[in-house]
Each structure stands twice: as structure tokens, then as C-alpha cells.
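I have placed the structure first, in the form of C-alpha cells, so that the comments after it can refer back to it.
Numbering (the numbering used here), first residue to last: 23 to 329.
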């Protein structure tokens, strides 16, 4: 999208928000990290004000924008994410949140794990209205879109959910680079709720336990070490139930996470194959390589379950 078209689009949104800003006051800076969408920092007279997202071509096939809008309203109420001013099927305007966008270098930081565990527990503790969980719906939808018999057979086995798995409101894409850390206030905010919805609580934890940088081969992925997994689970359960968990409760949670680690990698492998099929691979990022790396991680996690 050209800068002129971007500014035209932005001014329409600002008008809908009753924010009257002259075009010559606006400064636009493209942000790194968005794989499927365009992300832009919007400044007025040099002051950071908003983040503007322009949804990528074909993302409506994989993302329920109305569900995202409803989830963002809830997340705003509970201070889970920066305030959203406008969102529709094509774009989103959100207040700029000052802080550090986390990366892979935080994967061994116990303090970061504590903060994220507590924030995630608050999200998962939000009251819900019963409805169909996100993971089975997403996997079935992606498998239908991909239309691959072998992958569909594997997917069927992963739809067998462990007994007594709790459903909550979930982020569903909780990566470190979707977390903003405010060091002075010792707090974190989550961003990028495109895939959020009702889901199994342990899915969010399983997704968080695997981080990556580049994600073009298996070695780009790193997993949270056993010590920090126990720390995360303990802090999460303490915040969720407002009491210290037992060792049995921590161990039971981590055991339940294992199934969803494999399921998570498989789902995103299918998602990446669809992205490649849609022609979204570039010289910078190959969804085909990402799909292969994700599938190798799925096989690794499957072996861990069997061990």
C-alpha cells in the first residue's frame, strides 16, 4: 500500500473515531514483525500516538474478524491489551503502548515468565458463555481449506481432547513478540488478538512454551526450559485460583500441556501451508519452510508424549 493510500485509509478511520487531525500533521513509520498484515506507527508532530493495522490479503479466510472485535472489547475492559479505538474487517487503530516488545532473548527470564503467567491467568479467569472452542474449529477449517488427505488423517487424531480439559477465553497466538513489557511498572500487555476466542486454557500455555525467531527451520524454535515451565505453571495457578498450588496440580497442568504442544505445531504447520498456497511466501519469509519446520516440531512433541 502506498503512503498516500495508507493516509487516506487512516483519515477515514480517524474521522470515525471523532479524531480530527490534519493530514500534514501525520507521520507514518512501518513496523517490523507483521507477517500477514501491515503494521504502522502513527505519530503527530513527532509524538507516538497509535498503531494502525491494515489486514493482509486473504487473511479473512483464516481469521474471524467479528470474533476478534468482540474479544478486543473484553480485553480492553480487563486491561489485557492497549486500548482499541477502531476495528473492522480491514483495519484496526489501537493506542500506542510505550514499552519493550519482547523477543527470543527473554525466553530464559523467570521474571518475564511470572508476569506473563499472571496476566494470562487473568485473561483465562474471565467469565465465559459456553460455545464451540477455537482449536477444533480452526483445525477443521484449515484442513478443509488445504484439502490434503494425509494431513486430515493426522488432524483427526489431534481432535481427541484429553478428558477434563478446561475451556476459557484464550489469546491463541501468545508469542513473546506479542507481549509489550513496561519495565518501570513491572507489567505486561498482550497484543495481536487475531486468533483469540474460546479455547482450551492449556493451548495458550502450550503455544507460549515454544518461541521462535525466523521459523524457517526446526532449529529456529526454542522451548521454555523445565525449571521455567514449573515456575510459569505455579504462578499461573496461583493467580487463577488465588492460592498456592500443590506439586500435583503443577505436574498435572504441565502433563496436559504436552498434547497441545503437538497439536499447536500441527495446526500452524497447516496454516503455513495455506499461506504458501495463497502465494504469501516471499524471499524474506517462506511459509513452505515454516510449515516444514512446524511439522518437525510436531513430530518432536509427539515423541516426547510417547517417551
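Each residue gets a CB set at the ideal place from its N, CA and C atoms; glycine is no exception. If you're wondering where the values come from, they're calculated on a predicted model, not measured in any experiment.
Query                                                                                                                                                            : Result
On the criterion of 16 or more Cβ atoms from any shown chain inside 10 Å, does residue 248 qualify as buried, or is it exposed?                                  : exposed
Among the residues of its own chain, which have a CB less than 6 Å from the CB of residue 36, if the five just before and after it don't count?                  : 43
How big is the Cα-Cα spacing for residue 250 and residue 320?                                                                                                    : 21 Å
Is it a yes or a no for the region 135 to 142 touching the region 53 to 71, going by three-plus beta-carbon pairs under 8 Å?                                     : no
Give the DSSP bridge partners of residue 236, in chain order.                                                                                                    : Note: residue 236 sits in no beta bridge, so no partner.
List the whole-angstrom C-beta distance separating residue 91 from residue 109, where the pair is believed to meet the contact cut-off of C-beta under 8 Å.      : 5 Å
Going by C-alpha distance, which of 157, 186, 27, 86 is nearest residue 283?                                                                                     : 157
Beta carbon of residue 75, beta carbon of residue 59: below 7 Å?                                                                                                 : yes
For the candidate residues 280, 176, 306, whose alpha-carbon lies nearest to that of residue 325?                                                                : 280
Give a yes or no on contact between the region 195 to 202 and the region 113 to 129, applying the rule of three or more CB pairs nearer than 8 Å.                : yes
Please state if the CB of residue 287 and the CB of residue 316 are separated by a distance shorter than 7 Å.                                                    : yes
Please identify the residue among 52, 115, 93, 146 whose C-alpha is closest to the C-alpha of residue 38.                                                        : 115
Do you know whose CA, among 81, 146, 103, 314, lies nearest residue 301's CA?                                                                                    : 81
Using C-beta distances below 6 Å, list every residue in its chain close to residue 122, excluding the 5 sequence neighbours before and after it, in chain order. : 203
Is it true that the region 186 to 193 meets the region 217 to 227, where meeting means three or more beta-carbon pairs spaced less than 8 Å apart?               : yes
Would the beta-carbon of residue 167 fall within 7 Å of that of residue 296?                                                                                     : yes
Tell me whether residue 85 sits in a helix, a strand or coil according to DSSP, three-state version.                                                             : coil
Please report the residue range of the alpha helix (DSSP H) in which residue 286 lies.                                                                           : 269 to 299
Going by C-alpha to C-alpha distance, which of 216, 255, 308 sits closest to residue 269?                                                                        : 255
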